[in-house]
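Report on the structure given below.
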Amino acid sequence: MKTHLLFILSFAVLGLLGCGEAEVGVSIGPELRSQGVTQTISSVDGQNAISVYLISKTAVKGTLVAKAINESGQEIGRSATELSLEADDAKLISFKFGAEVDATAAKSYLVDLKSVQE
Numbered sequence: 079m080k081t082h083l084l085f086i087l088s089f090a091v092l093g094l095l096g097c098g099e100a101e102v103g104v105s106i107g108p109e110l111r112s113q114g115v116t117q118t119i120s121s122v123d124g125q126n127a128i129s130v131y132l133i134s135k136t137a138v139k140g141t142l143v144a145k146a147i148n149e150s151g152q153e154i155g156r157s158a159t160e161l162s163l164e165a166d167d168a169k170l171i172s173f174k175f176g177a178e179v180d181a182t183a184a185k186s187y188l189v190d191l192k193s194v195q196e
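Residues 79 to 196 (my numbering) make up the sequence shown, in order.
What follows is the structure, encoded as structure tokens:
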């Protein structure tokens, strides 16, 4: 009986801790995928920042852009950073959005190549 009660209490506490927190996804776009880049993990920082771990099969150098997308699918903010990956390379890339971007309105983020350097 004690075990069952602890089990139920654990789920109740975990449920309360997660209340109000919506899952926000980070994905990579078609241009980045076409360059042989994949992602494994990503994280969203409540302070208007995201990070994504990218793995490249081939060398890629260019400018990345991360777009914050709201519930209606509209872009509500952008952040850009330079990317330089060698063949069979990987890096954790971070993007910082300006204070004017309402992070609570972002329901997803899309990271893609803005431009490629040859």
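The beta carbon of each residue, even a glycine, is placed where N, CA and C say it ideally should be.
Residue range of the unbroken beta strand (DSSP E) whose run includes residue i
{"i": "S129", "result": "127 to 134"}
Opposing strand residues paired with residue i [DSSP bridges]
{"i": "K169", "result": "L132"}
{"i": "T118", "result": "Answer by DSSP bridge pairing: none, since T118 is not bridged."}
{"i": "L103", "result": "According to the sequence shown, residue 103 is Gly rather than Leu. DSSP, once it has assigned bridges, lists S186 as partnering G103."}
{"i": "E160", "result": "T141"}
{"i": "G155", "result": "A146"}
{"i": "V179", "result": "Per DSSP, none; premise fails for V179."}
Cβ-based burial, residue i [other Cβ within 10 Å; buried from 16]
{"i": "V170", "result": "The sequence given here places Leu at residue 170; Val does not occur at that position. By the neighbour-count rule (16 or more Cβ atoms within 10 Å), L170 is not buried but exposed."}
{"i": "S112", "result": "exposed"}
{"i": "V194", "result": "exposed"}
{"i": "I119", "result": "exposed"}
Integer-rounded CB distance, given that residue j should sit under 8 angstroms from residue i
{"i": "L142", "j": "V189", "result": "6 angstroms"}
{"i": "V102", "j": "A158", "result": "Contact flag wrong, Cβ pair sits at about 20 angstroms."}
{"i": "A146", "j": "V179", "result": "6 angstroms"}
Terminal residues of the alpha helix (DSSP H) in which residue i lies
{"i": "S150", "result": "Careful: S150 lies outside any alpha helix (DSSP H) and carries neither H nor E."}
{"i": "E109", "result": "108 to 112"}
Touch test, the segment 117 to 124 against the segment 144 to 157, Cβ-Cβ under 8 angstroms, three pairs minimum
no
Does the count of Cβ pairs from the segment 126 to 139 and the segment 160 to 168 closer than 8 angstroms reach three?
Yes, the segment 126 to 139 touches the segment 160 to 168.
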